[in-house]
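In what follows, a structure is listed as structure tokens, so that the remarks can point back to it.
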Amino acid sequence: MIDLNNINFSEMSLFEVMVKIIANIRFDFCESKIMNMYIKKIQEVSLFISDQLSEMKKLEQLLLIFYKNWNFGCSTDKYKLSDMIWLDTVILSNQGNSFSLGIILIYIASQLNMIIKPVIFPTQLILKFQNLEKKFFYINPIDGEILSKHTLKAWLKGNISPSTELQDSDLQESTSLIVIQKILDMLKIALIEERNIELALNVSNILLQLKPKDPYEVRDRGLIFSQLKCYHVAISDLLYFVEQCPEDPVSDIIKMQINSIERKKVILH
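Its first residue numbered 967, the sequence shown is counted upward by one per residue in our numbering.
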């Protein structure tokens, strides 16, 4: 299994790390094949974006090609959520969510010597670009729209609370590890909902590298083990959560789950 603690993020891009992580989750995922598909995209876009262009012109051209020529975006059809995250499915369908589209755009931009940074905004991932005049531009990775602070404020008020105000901390760059954790959290939930429990367990084990002994992550792994009928390890994980978080309201539900698993073990024996 990939060891995230030994990855040097100064040498590997967020996109490249996610490719390696997905290869560790899905055994049908061919890392070299997927990288070649994206390299072809980079070669294609390089033909249209000259180094002689200004930074803003480069950005405009990249967004035009990515969203208009290649038609990347977020589908309104009922795609499985995991298909909006798997980077091989995203490049074949041109459909992703803010996180998958965001890390792809960041990667392609980096190959054109453009620096775009991820920001985990309270409502979704957005991208931050700084021009030579040190002015920041915020990009919606769903459609390539340049976002004004007025729009971002409206997002907060509409999705969180009418009294919510835009804070400087909302627009701070997110570390690669935090972005990866967020993507894996979404992927784990999607796979559980899609009843793809074996893959969900693979994701949970990787998340536990980022959050060792985190009681909530251990609890989720225990619930996954229970669905796989691995009752002994499931009980161990669930008991750990109850011991670490006795005041959590969910603990009572987990205790009921443990009793249910214990009964199943008795029946099986």
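The C-beta atom is built at its ideal place from N, Cα and C for all residues, glycine as well.
For Pro1084, there is no enclosing alpha helix (DSSP H); the enclosing beta strand (DSSP E) covers residues 1082–1086. When the five nearest sequence neighbours on each side are left out, the beta carbons in the same chain lying within less than 7 Å of the beta carbon of Ile1000 are those of Val985, Leu1053, Asp1054, in order along the chain. Counted as a single uninterrupted DSSP element, the alpha helix (DSSP H) harbouring Phe981 occupies residues 980–991. By the C-beta criterion, the stretch 1216–1229 is judged to be in contact with the stretch 1191–1206, since at least 3 inter-stretch pairs fall below 8 Å.
Counting only the Cα atoms, Ile1057 lies some 8 Å from Tyr1004.
Contact between Lys1148 and Leu1132 does not hold, since the beta-carbon distance rounds to 20 Å and is not under 8 Å. Annotated as distal: Ile1081 and Ser1066, with beta-carbon spacing of 8 Å or more. The Cβ atoms of Ser1170 and Lys1154 lie closer than 8 Å to each other. With a contact defined as Cβ atoms closer than 8 Å, Phe1095 and Leu1030 miss out at about 15 Å. Between Gln1210 and Pro1181, the C-beta spacing is below 8 Å.
When beta bridges are read from the DSSP output, Leu1113 appears opposite Tyr1104.
Assignment of beta-bridge partners to Leu1091 by DSSP yields Ile1086.
In this structure, the CA atom of Met1022 is about 24 Å from the CA atom of Gln1090. In this structure, the straight-line span from the alpha carbon of Ser1016 to that of Ile968 is close to 37 Å.
Note on geometry: alpha-carbon atoms of Asp994 and Ser1048 lie some 15 Å from one another. Burial state of Gln1061 is buried, judged by a 10 Å Cβ sphere holding 16 or more other Cβ atoms. The beta carbon of Ile1126 lies closer than 7 Å to those of Pro1088 in the same chain, with the five residues before and after it left out.
8 Å or more divides the Cβ of Tyr1033 from the Cβ of Gly1124. The beta carbons of Leu1176 and Leu970 sit closer together than 8 Å. Secondary structure note for Arg1161: it is in no alpha helix (DSSP H), with a DSSP letter that is neither H nor E.
Nearest Cα to Glu1228 within the set Glu1213, Ser1140, Ile1105, Leu1204: Leu1204. Distance from the Cα of Ile1108 is smallest, within the candidate group Thr1117, Leu1093, Glu1099, for Leu1093.
Excluding its 5 nearest sequence neighbours in each direction, Trp1121 has C-beta neighbours in its own chain below 7 Å: Thr1089, listed in chain order. Sequence-distant partners of Leu1098 (beyond 5 residues in either direction) whose C-beta falls short of 7 Å from its own C-beta, in its chain, are Glu1021. Shown here for Phe975: same chain residues with a beta carbon closer than 6 Å to its own, the five before and five after excluded, namely Ser1142 in chain order. Boundaries of the alpha helix (DSSP H) harbouring Gln1027: 1021–1030, taken from the DSSP string. When DSSP reads this structure, Gln1133 sits in no beta bridge, so it has no partner. Take Val1208, set aside five residues on each side of it, and the residues of its chain with a beta-carbon closer than 7 Å to its own are Ser1217, Ile1220, Lys1221, in chain order.
Annotated as proximal: Leu1028 and Ala1075, with beta-carbon spacing under 8 Å.
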